[in-house]
Amino acid sequence: MRYVVSYDITDDKRRRQVARVCEDFGDRVQYSVFECLLDQAQLGDLIAKLSAELDETEDSVRVYPIHRDAEKNVVILGHGELISDETWYII
């Protein structure tokens, strides 16, 4: 399933760490917004790794599921494209 992950983190070090975690799971589409194609196990791993980097009294991370039915209604203005969920095999 596709997820949109966004964050608001004031501390530079924690923000860099959260960005690195997100980069391991998806593609940056805005400065603090990522699109990730994840199964349930990967989602759990992402949430656990993000939680480990946060100060829950100061930081905010949101993970929004985007169901397939909604994907066809995504509007992108300007530069960018919806990340692909195509699977490639090299034989």
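Under my numbering, think of the first position of the sequence shown as 17, with each following residue one higher.
Glycine included, each C-beta is placed from N, C-alpha and C at the ideal position.
Selection from the options that minimises the alpha carbon distance to residue i
i: TYR19; options: ARG32, VAL90 and ILE82; result: ILE82
i: ASP40; options: TYR47, LYS65, GLN46 and SER22; result: LYS65
i: VAL79; options: SER48, VAL90 and ASP71; result: SER48
i: THR73; options: THR26, ARG84 and ARG32; result: THR26
i: VAL34; options: ALA57, SER76 and ASP55; result: SER76
i: ALA68; options: VAL91, ASP28, MET17 and VAL37; result: VAL37
i: TYR23; options: ALA57, ILE63, LEU54 and ASP55; result: ILE63
i: PHE50; options: ALA57, VAL90 and GLY42; result: GLY42
Identified DSSP bridge partners for residue i
i: LEU66; result: According to DSSP, which records beta bridges pairwise, LEU66 is partnered with nothing at all.
Rounded Cβ spacing between residue i and residue j (contact assumed at less than 8 angstroms)
i: LEU70; j: ARG30; result: 7 angstroms
Limits of the unbroken beta strand (DSSP E) element including residue i
i: VAL77; result: 76 to 82
i: ASP116; result: Examination of residue 116 is not possible in this model, given that the chain is present from 17 through 107 alone.
i: ASP24; result: 18 to 24
i: LEU54; result: Run containing LEU54: none; DSSP gives neither H nor E here.
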